[in-house]
Each structure stands twice: as C-alpha cells, then as structure tokens.
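A.B. asks: I have a structure I would like to understand better, so I am pasting it below and will then ask my questions one at a time.
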Amino acid sequence: MTTRTPPPGEPLHFATQCIHAGETADPVTGAVMPAIYTSTTFEYEAFGQAKPHIYARTSNPTRDALERCVAELEGGARALAYASGQAATAGVLDLLDAGSHVIAPVDFYGGTRRLFHEVRRRVAGLDFTFIDMTDVANVAAAIRPDTRLIWVETPTNPLLRLVDLAAVSALGRDRGILVAVDNTFATPALQRPFEYGCDIVMHSATKYFGGHSDVLGGLVVARDFELGKRLLSLRSASGGVMGPFDAYLVLRGTKTLALRMERHCGNALAVAEYLATHPAVEQVFYPGLPRHPQHALAKRQMSAFGGIVSCIVKGGRDDVARVLDRLQVFTLAESLGGVESLAGHPGTMSHSSVPPADRLAMGIPDNMIRLSAGIEDERDLIADLAQALQ
Ligand SMILES: Cc1ncc(COP(=O)(O)O)c(C=O)c1O
176 MTTRTPPPGE PLHFATQCIH AGETADPVTG AVMPAIYTST TFEYEAFGQA
226 KPHIYARTSN PTRDALERCV AELEGGARAL AYASGQAATA GVLDLLDAGS
276 HVIAPVDFYG GTRRLFHEVR RRVAGLDFTF IDMTDVANVA AAIRPDTRLI
326 WVETPTNPLL RLVDLAAVSA LGRDRGILVA VDNTFATPAL QRPFEYGCDI
376 VMHSATKYFG GHSDVLGGLV VARDFELGKR LLSLRSASGG VMGPFDAYLV
426 LRGTKTLALR MERHCGNALA VAEYLATHPA VEQVFYPGLP RHPQHALAKR
476 QMSAFGGIVS CIVKGGRDDV ARVLDRLQVF TLAESLGGVE SLAGHPGTMS
526 HSSVPPADRL AMGIPDNMIR LSAGIEDERD LIADLAQALQ
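Each number in our numbering corresponds to the 1-based position in the sequence shown with 175 added.
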C-alpha cells in the first residue's frame, strides 16, 4: 500500500482532509477507494512471520483505512472502530480497573447512562458521580483520589448544554485523570477535543460519520499512541469490532462530512430561529442562538453549532404527540445525524431507559421534542414545522 503524502507547506483544510485523510492507493489495482476485505484470516509469510494482518478481530485492511482517516480528522494518534457507539463507550470503560470512580454529566445520552449505571456499576463495581458539567467547579468538587475518568458529552443529548473542554481537560491533566469526550453531536468538522487537551474522543459513527442512517458503528480516538495500543488490545480481547462492509460505509460517509455538516448547521440554525419566535413553543435549545446561556463558549470551542435543535412545546404530552404525528418532512424516528430530518421524543425514545423522575431532574420534560435537521431545503423544514405546530 502506498500512502499519499500531503503537499508541503500549509496543513490541509478540513474539507480536503475528509476526502484524503489516511488515504492509500492500492498498489496492485490502483483502486482509488479501498476494497472491502472480507477475509477473516491472513496468510503468514512463513513460520513465525506474520504479515501486517493476522486475524480480523484485531485488524482488517478496510477497517484500518477508516481508522487512519478518523485519527487524522480528529488529530489523534490512533483510532479504533467498533460495532456501535455503545461498544465504543464500553471499550473506553474497559481501560478502568474494577472499583474506579468516574465523573459523568447528569444530562447526556440515555444509553450511555444506562451502560454506566445499570451495567458497569454492577459488573465492574465502577462508581459514578453524575453532575451538572456546565459549571466546571462541579467537576473539580466531584474529583476523588480514586477518580480515573471524566466522561464529557458536548453538546449534550438532548439539552444541547456545553462543557468547557479546555477547563475540564486542565483538571484531568493536573491529576492524571483521563478525559474522554463523546463528540458525536459536533464531529471533528465543528469541534476537535484534542486541541483542548482531552485524551480520548468517542463517536457514535451511526450518526454524522455514517451520515445516511444505514450503518451502525462506533469510533474511539486516542491522543496518545500508547493509549491507542492499550485500547486496541482491549478491543481484540472483547471483540466488539466494526465489520468490513460497515467500515466501508462509514469511510464513504467521511468523504462528505464537511459538506453535510455545513448544511446540517445552516438548517438547524434556521429551524431554531423559527421555533424561537413561534407562539406554541415554550423554549428552544440550540447553542447557535445568542440567547443560549453558553453561546459564548459555543463560539469559542465550536466552529458552528451543529444539526440538533431541541424545544419544549406548550401543553402536555398529548400536544407533543399531535405535533409529532402531523410532521410530514421530518420523520418520527430514533437517531440523528442522517441526511433526512428526524424528530424524536426523548421521554419515550432516546431517554426512555432513564427513570421518569431522573429524566425530569435532568431537565427533560414530557413536552420536549428533539429535531435532527437533515440536509433538505430549509424552507421545506420550516413549512413542515409551521403546519405541525398550528
Ligand atoms: C451522543 C450519543 N452517544 C452515543 C450513542 C450510542 O451510539 P450507538 O447507537 O451507535 O450505539 C448515541 C446514540 O444515539 C448518541 O446520541
């Protein structure tokens, strides 16, 4: 395999990196896109002399191509692709010894909370402190001698709250605590946590990286090569790897990541501005709105504000149900980050695994809607919301 070297001088811009990062041309066929290698096993050169690939649970050429690309896009030393975002998060938790203490946000993806709270607490004795991370002082106060990981999600799902990456990283660095960031909502197109000193970046590749709602996957990127090696060894042990077909689809998705994010962000801003003026809407959550309490931080650590908008509709759960059922262009469905616009009800969908009282304490009432702005024409999205909110 021959790796193309970037031209000397300026580093490539992100949109160019999306097309070329980690790219290798096939020396035999000259194929521009990597092949989908389905072989699970690879011939040895001779006894005791393995070639670069041995067995597909550890490495596979198609998955390697994706991992090289993602490591470069995030600016990390090593990326690893997993079977899902949840498998990726589990891979990060595998770094911790039994009984370790972890600090996590009180409002974040319900599935991550479920994995932490219901699984790893029970099977690995991990101890979690869930805090409001919008105030870094809360993070500092939650640190204990046995704290080994600070798990950050920014912007959070579904409240679009932000965490100050530089400030949290500084706290972790001073005490030798790993700082991992779920960067699913922002993607490296908008936010690059390593630039703020974080140690690990995680993605649900099912969302913007894949970008077309047709592949499930997860990604972990390590800033440091040794940490990447440790994650690889743990992933080989637990086996939750991304398959070659899925790796190909995610790699294909990365080619248009910069382009899609531009449109997602433009559409989301238009939707947020529209909802902010609508009489049937009580509150809008979008970091790109100047009235968002952390708009200044958003401008500092993100280059644009993402494709997700949440809102609280006036009335109760029945009113929300009526709005969601009337939508025509937005599809009522789980997930986010695809080219099509989606609408979800966190209470019964993404955060249904969180007990109702905890959900309310997190700030997720039953009349909240989460919208994932796709890449359609913004006029059609706004017309759809207008008729549904009538
Ligand atoms: C922010 C965030 N992190 C992680 C996940 C989990 O990813 P997956 O569904 O690919 O396992 C999700 C899924 O919705 C998510 O929104």
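Don't be surprised by glycine CBs; every beta carbon is placed ideally from N, CA and C. The model shown is predicted, which means the values in this text are computed figures rather than measured ones.
1) Of all the CB atoms in chain C, is at least one closer than 8 angstroms to the CB of D541?
2) Quick one: does the C-beta of S516 sit closer than 7 angstroms to a heavy atom of ligand 1?
3) Determine the contact status of T329 and L340, defining contact as a CB-CB distance below 8 angstroms.
4) Taking all protein chains shown into account, do 16 or more other C-beta atoms lie within 10 angstroms of the C-beta of I539, making it buried, or fewer, making it exposed?
5) Taking all protein chains shown into account, do 16 or more other C-beta atoms lie within 10 angstroms of the C-beta of R545, making it buried, or fewer, making it exposed?
6) Compute the Euclidean distance between the alpha carbons of G418 and F217, then round it to the nearest angstrom.
7) For ligand 1, is there a heavy atom less than 7 angstroms away from the beta-carbon of Q261?
8) Just checking E448 against ligand 1 - is the residue's beta carbon closer than 7 angstroms to any of the ligand's heavy atoms?
9) How about A256 and P209: are their beta carbons less than 8 angstroms apart?
10) According to DSSP, what are the bridge partners of Y423?
11) Residues in the same chain with beta-carbon distance under 6 angstroms from D269, minus the five sequence neighbours each way, listed in chain order, please.
12) For the segment 394-406 and the segment 294-301, state whether three or more C-beta atom pairs, one from each stretch, are separated by less than 8 angstroms.
13) E328 lies in the beta strand (DSSP E); which residues open and close that run?
14) Just to confirm the assignment, what range does the alpha helix (DSSP H) spanning S379 have?
15) Any heavy atom of ligand 1 within a distance shorter than 7 angstroms of the CB on T362?
16) Sort out for me which residues DSSP pairs V484 with in a bridge.
C.D. replies: According to the structure data:
1) This model lacks chain C altogether, as it is built from one protein chain only.
2) no
3) In this structure, L340 lies closer than 8 angstroms to T329 by Cβ.
4) buried
5) buried
6) 16 angstroms
7) yes
8) no
9) Between A256 and P209, the gap from beta carbon to beta carbon reaches 8 angstroms or more.
10) Answer is none; Y423 lacks a bridge partner.
11) L409
12) The segment 394-406, when compared against the segment 294-301, does not touch it at the 8 angstroms Cβ threshold.
13) 322-328
14) First-last for S379: 375-379, but that is the beta strand (DSSP E), not the alpha helix (DSSP H).
15) no
16) L546
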